[in-house]
Each structure stands twice: as C-alpha cells, then as structure tokens.
Amino acid sequence: MKIYEISYFNFGANDIFNSDSNEAPMDEDTENQSDPESETQRADEEVNQLYEETLSDANEAIEFAPGEGQVPVSILTDINCEELSFPTIYFGHERVHSPNVKLSYEDHVNSEIRRRDRRAVRADHLLFMHKKSQLKQLCSNVNIALKKCAQSSSVTASQILNSNFVDESISKDNAYRFLTNITGSLAYWEQQKKNVMAMVRRLGVFTLFVTLSAAETHWKELLRILKKTVDNEDDADVTEMDFEEKSRLIRTDPVTCSLYFEHKFKELFKTWKITDEGPFGKYKILQHYFRIEFQHRGSPHVHMILWLNEAPTFDADKPHLFRHIEEFIDNIISTSSDDPDTKDFVKYQYHKCSRTCKKKKRGNTSCRFGAPFIPMDNTSILQPLPPDYGDLNSIGTFDELLGKLNCDRDKYIKTIRSQLKATKIFIKRAPKDARVNPYSKKILMLMQSNIDVQFVLDPYACIGYIVEYINKPSRGISRLLRACVEEFKGGNYSLREKIKKLSCTYYNGTEISAQEAAWCRLRLPMSYSSSAVEFINTGPMKSRHRIMKSKAELRKLPEDSTDIYKKGSIDRYKERPESLKDLCLADFIGKFTFNGKKTNEEMDEENIEQDDHLVESIDDNQNNNEEDESSEFKVVYEIEGGTIRKRKQIKIIRFCRYNVHKDRNNFYRERLMLFKPWRDEALELENDNLNLEEIYNQNKELVEANSSRYIKLDIDLNDLARTIEEELACEEDESNDQNEDQDHEQHLNVYDFDDNIIQPNAMFEMGLESTLSTSIERNKITVPDLVSDQDYYELINSLNSKQHDHLMHVLNAFKLNELPLYHFVSGEAKVD
C-alpha cells in the first residue's frame, strides 16, 4: 500500500484531544525506513498501544463556560444598549438633551415616536422600547410589593430596618398582586373589572353597550397621511391603491395609525354629547367606561358601556312598559341596508362567520354572536314561554311546526319564545338583513367602520358584557399566570421567588402587536372611566396590608416607634376636622379630595410608573374648572399632611362586601364602618364586647340613607360574574373537545414555547438579581456516540501496523495543529 498526501481524513474531537502519543508526523519515506523486526514487535503490542492511544476516556469531553461567574448586564443599566442595537436609527450616537432638564425614558420615547423624522417608529424598535418600559414598570412594582406588609401595632422602626425581619414578615400572600399596575396583565384587568362592577353597583345596569372597530384600509384620509409620512408623497390617489400597498403603509408606521384612531374616536365621542343632534337624541350620557382591545390583526378595538339619563329600564314584572323600550331602541339602533344615508357604509356591518366566532355545542356548530339573526317586522322584547305552556309539545318536525302555526306573526313569535331561556331583544330587521350587525346611523356615518350597539336588559346581560368583552384579559397569558398562582399554593415558594416567577412569566409570555406597543408608548388610555373609583379596605385591621415608610423616614423615628406606615384614607378620616365629625367614611372618601404634600422620594415610591401613563378616571380638578358659585366647593380643610376639599362629582367606592349569610359579624361591622360616623375603630368597631348587629339595627335608618348614595344595585355581582365565567369556560372546553380531532381547524397556540429556547430572566434585566455564584464548577459532559464501543474496539483491533502508523500520524497532526491534511490512500483490493 502506497500513501500520498492528497486525501483529508476527519476524526472525532474526542479522539484528537484524548490521544497521548508523542510520535512525530509521518514523512514521505516512512514505508521505506520501516524495520521488519520492529514491525513484528509492534504487531504484538498494537492492541494495548491502540487502546492507550485512542480509546482512553473516549466518551468524555470538556465543557467550556466563558461567561461563568459573570453578571448579566441589564438593559436598564446598559445606558447605550438601544443606540447600539439600532445603528440605522441613531447612527452610533448617544441621545443628547439639556443637562438642566430631567427627562425620563418615557419622555425620550414619546418625543422620538412623535417627531417628523419617522425612523424611530419601526415595529422592531417600538417593541424594544415597550419591553424596556415594561421592565421599568415591573421593577417599580416589585420594589413596592416588597414593601407591603400586614398591619401590626407591635412592629418597630428598628425591626423594619432589619432586612431579615422584613423578608420573614413581608406580605406572604397578597404582594404578588404587583402586576395590578401593568396594563394587560390578569391582575390589571381584574382590578378594572372590580371598578366597573362598583360603577354598576352604584349607577345600576348600564343602558347601552357599544363596540367600535378600526378600518385602516378603508379610511382614505389615514392612507393619504401614511403616504405622506412614509413615502413623502402629497395628494396620493388612494382609490387606485391595492391591498398590499395599503398593508405596507400601515405596517411601516403603526404610531400614526394609533394616533389617528385615538383622535377619530375622541372627536366622535364629542358628537355623542350633543343633545338632540347626537346619536342618542335627547338622552344625555351620564357616565361611561371604555377599554381598548387589540385584535389578532393588531388594530385597536373599543368596547364601551354608557349610562343614559332618563333612558327606560327593563323590568320583567312590567310588560306594559316593553313598548316604551322598543321605541327607544328603534330611535337609536337600526339594521336596515336600504337607508340612503348609510348605503355606502352598511357594508362594514355584514357579519361573516370565521373560525374565531364558530363554536360547537353537542355536536352542532353555530356562531357565538347569533348570526344569522332572526328577522322581525318590529323590534320586540320576548320572554320565554311559561313552563306550563304545552301547546307545541305535540309538534314533531320543523315543517310540522310551520304547518301548525300557518306562519302568522303570533305563532311565529311563540315559536321563537319556545327556544328562549331568558328575556331577549329582537331588533326590527328584514330577512335580507339577517347578517347585518345592529348600528347607530349617525355613529356609522362618522366612524365608517364596523360598529355594534346593543341595549342592555338586566344585570345578567350587564355582567355578561363586562366579563366577555369589557375586561377580558389575554387568555394565553392569563392561563400562564394562573398556573403560577396554583403552583404557589403548594407553599414551596418565598415571596421573592413568587415575584421572580410571575415577573419572568409575564415578561416572556406577553403577546403584543406593534400598534399596541405604539399605543402604550404614546401614553394613550387603555381604559377610561368617567368617574373616579377608590377602594376602601374594610377588612379587619390586622388583615390590611399597608405601605411602609421609606428608609429615610424610618431612620428619623425612635427605635421603638411603631409609626412605620404611610397614612391612608382611613387614617385621614380618623383625623378629620371637628366640623366634619358627623361625616361617615364613605362620604369622606367619596365626596372629598385629599391633596397631600409629598417629597421627591415619596413621589418615586408611590407614583408607580403606569403603563398607559394617564389618569384612568376623570380627574376631579377637571370638573372643578367649571365656574361654581357654591361656596361649599371652595372651602379647604387642613389636616395632617395636606388639605381636603369637597368634590363636585361623587367618587365610586369599592369595598370588601361581606355576605350577611356567610359572615354576619363582618357584614355589620363593614356597614357601620362605611355609613355611620366613628373616630376610634378599635374601640367602636372591633371591640369584642360589642354587639354589632344590635348597633346596626339601632342605626339602620342612618346607615341605609347614607348607603343609598353609593349602592343602587345591591346584589352579589361577583357571584354572578363567577357563574358567567364558569359557563363560558364550559362552552370553550366543550368546543375544544369537539375540535380535537379536526387538525385543519386547530389554531396555532403561541404560548406553547419551545423549552430549548432560553427565556430572558426578568429579574436580571430589572437588576434585582445582581449577584451570581463566583465558584467555578468543573463538569464533564457525555458526548453522543457515533458508533458503539464494541464496534469501535473491533475496528481498532482490525488495524495492521501500517494502518496504525497512519492513524497515529493523523492524530498527531491534529494535536500539533498541522492542518489541513492532504492524503491519498491507494493499494490492492480490500483497501478501504
């Protein structure tokens, strides 16, 4: 066999690094210089030599970890990470601003995305800025959560300054609600749901439910604006623009799309307040609430509830008033496709069923919105037939039913009522309009996109809208967060570990579109209430969680001082002026506004940076801008830490709402606490010697008079909401079970993450875990076998002395880095 340096042999890395041979590389004359005797001797020892040379530790390799012991750099502390990550936007230059002006990161972002230069509005850049802002919010909320603890009169300032004591006594179960201020989180929308429930409890069932959608590809004005901002073209002919071009413009500048929708909705809402000329005629809007939802296509979507002044209300026991409600609906809502004023826009109202609206129940597929809708010659409120109505029981098929009824209106109505389980409104519509969503003529003409307007009958429908539309969170992230909470119930997590897991889950599991990121960074409202809502913690004193004072304030206190908490509304009520001694707690909080003087440190700690960065309820100062000759609104009362002043609009108050049947003692204590004046809570409300029920009965007239200002619908709305949520969950589970075997109808689950993808650690990014173990670990990893050990041994044993020499030559070449190898192997038959 002759050997020439032509062919390249590639051996495994484990063979290269584990060989201990010190032989020099074989030269051209190796074969001619070989000694026959030495060959024989080597042949006798070749197995042992080969084992030592090539098989020692064959399955082991070295694991290198160059970043071991290093601390990850947070994007919050890496000052220039954004400029370096987007060189085509910043061109390698730092952001520059006047050193005399203090600007937050949000100020920088808001400035950049609103400029005429549109480089910063790229979708990837918007998402980066949103994630960074989200991290800042998480960091702020985590710091506040770690300062919450249960109220105790025995804790002193020196104990709070001891970090070990704080870690052990800190809010064990409730502090993980730190996500409440993060828009889109489960806790955020749960809080909003409670606020809306409080509005319903105070104001009663709302009158109308309104939905507005975006139609960017049909809004010519928006397309002209986008053509100007994106392509710098004036007076573009958008009528000739194809769908691909429209989509490109919308994707390129999501900020302009968000601003346009927000401005359009704001201007539209102004027209609703015009009495007689507005879409609701003589009925003035008393209160309202809306939320912004971003659909799967990434565009904004408004869900709104309205309370109208003097609008008719439904009462099942007063059927003679039904006609008044039906006339009210006809004046506001229409389904006609023949109206000449709306003929160009009614095309937006046709409902086309898709996979997202189909549901399966008991093997039957139907539209969850009820399309196609039942035709009706006049708007009618229909109630289910009484249980004892048996006239239709003998009818078998639907054809027999039609023959039996002869298709006259009365029997047609009875046929519909026989299928009802609850009272329902059927709006006037022609058969050809069976798929037209109900709309308001004036709103449709101005909005020029899909809308939906519905009259709300009863509390069940009212809470159903709240649960299913108004405050529904993202289902995917909700499942992930709920799974975390269920896991915590095992009791194996400390508070810090809970917060870490929740932070990472939310940070890595949130799905967001470019327009939603733009909306948040523009500080536009994700939800808005026309009334301020405040929660009063009416739980027992020992169960309330409070914010501790800052460390600077605690250091100023004596070591044995127990005055370690920041003052809240209940504390200020106890210290109210003597002139307000007859004021109950509900009136003190609902009718007055507290203006405190906060230090810079308190502002940083208490004013957590909100995700939408704007007031989520109408500020009382806004209402006070109107001239009012009444002197009562001008009176300012001095109390410790600030002043209080009477409001013009009473707040909506929330409280714990104990059930009289399940917890009688706390029910009466809560009612007395809210609606009867008191000074010393421990003495007048939580004294074990008190008979609270007897005190309540003695003051029942006063308590009911005060509570009537805050409670109009005194039913358990939370139980009703839970019932509806369970029904929706059962329907969803049943629908999912029906679709299990239908692969073509399955949706991509974006929350099924690949376990092999490394998820970012939100705690490191926030800088809350700044230390890592510096000890160096040396680990061996097993390299997967290319061939079995037995096969490998047999191959080695089959080598002759020359083949062995060649193998050693190749191994040494790798060891000495004498690469590449150019070997050509030739010979007689059987040469491999």
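Under the numbering used here, the letters of the sequence shown match residues 1 to 832, in that order.
No residue lacks a Cβ here, since even glycine has one placed at the ideal position from N, Cα and C.
Note that the coordinates shown come from a computational prediction; the quantities given were computed from them, not determined experimentally.
Integer Cβ distance of residue i from residue j, believed to fall under 8 Å
i    : j    : result
I285 : Y260 : About 24 Å separates the two Cβ atoms, so there is no contact after all.
C462 : V200 : 6 Å
R647 : F592 : 6 Å
L306 : T207 : 6 Å
V436 : Q349 : 5 Å
Collapsed DSSP secondary structure at residue i in the structure displayed
i    : result
N232 : coil
L837 : No information on residue 837 is available, as it lies outside the stretch 1 to 832 that the chain covers here.
A813 : helix
E534 : strand
I427 : coil
M673 : helix
N450 : coil
I333 : coil
V787 : coil
R722 : helix
L524 : coil
Q803 : helix
V210 : strand
D655 : Residue identity check: residue 655 is Phe in the sequence provided, not Asp. If DSSP states are grouped into helix, strand and coil, F655 belongs with coil.
S74  : coil
C353 : coil
P438 : coil
T593 : strand
Residue i, buried or exposed, once every other Cβ within 10 Å from all chains shown has been counted against 16
i    : result
F209 : buried
R119 : exposed
E310 : exposed
H320 : exposed
K513 : Here the sequence assigns Ser to residue 513, which means Lys is not the residue at that position. Buried, by the Cβ-count rule.
P99  : exposed
D29  : For D29, the pLDDT reaches just 43, beneath the cut-off of 50, and the residue's location in the model is therefore unreliable, leaving the point undetermined.
L819 : exposed
V96  : exposed
K227 : buried
Q192 : buried
E82  : buried
R122 : buried
V635 : exposed
Residue i versus residue j: straight-line alpha-carbon distance, rounded
i    : j    : result
R202 : E638 : 29 Å
Y188 : I451 : 26 Å
K802 : L821 : 18 Å
C257 : S299 : 9 Å
E262 : H288 : 17 Å
M241 : V255 : 21 Å
F373 : V238 : 35 Å
M304 : V453 : 10 Å
A371 : S380 : 18 Å
D341 : M445 : 8 Å
Q738 : E726 : Residue placement at Q738 is poorly supported in this model, since its pLDDT is 49, which falls under 50; the coordinates still yield a value, given next. In a straight line, the C-alpha of Q738 is about 18 Å away from that of E726.
S418 : K318 : 21 Å
N666 : N691 : 11 Å
Q295 : T229 : 25 Å
R709 : R572 : 22 Å
E670 : E190 : 23 Å
L127 : V73  : 20 Å
D44  : V71  : Only weak support is given to the placement of D44: the predicted model assigns it a pLDDT of 46, under 50, and the value that follows is read from those uncertain coordinates. Going by the C-alpha atoms only, they are around 56 Å apart.
K220 : N378 : 36 Å
D253 : Y90  : 18 Å
R297 : S247 : 11 Å
K470 : L222 : In the sequence as presented, Lys is not what sits at residue 470; that position holds Ile. Approximately 27 Å between the Cα atoms of the pair.
R633 : D339 : Reading off the sequence shown, one finds Phe at residue 633, where the question assumed Arg. Using only the alpha carbons, I get a separation of about 49 Å.
I325 : K567 : 49 Å
K581 : G509 : 51 Å
L502 : C484 : 7 Å
E609 : C520 : Low local confidence applies: a pLDDT of 39 at E609 is under 50, so the model's placement there is unreliable, with the coordinate-based value given in what follows. C-alpha separation (whole angstroms): 12 Å.
Report yes or no: do the region 651 to 661 and the region 540 to 556 share at least 3 C-beta pairs separated by less than 8 Å?
no
Examine the Cβ distances between the region 262 to 281 and the region 541 to 558 and report whether three or more of them are shorter than 8 Å.
no
Decide yes or no for the touch test of the region 105 to 119 against the region 131 to 139: beta carbon pairs closer than 8 Å, at least 3 of them.
yes
Taking 8 Å as the cut-off, does the region 640 to 656 touch the region 513 to 525 (at least 3 CB pairs, one atom from each stretch)?
no
With a cut-off of 8 Å, do at least 3 Cβ pairs link the region 418 to 432 to the region 326 to 339?
yes
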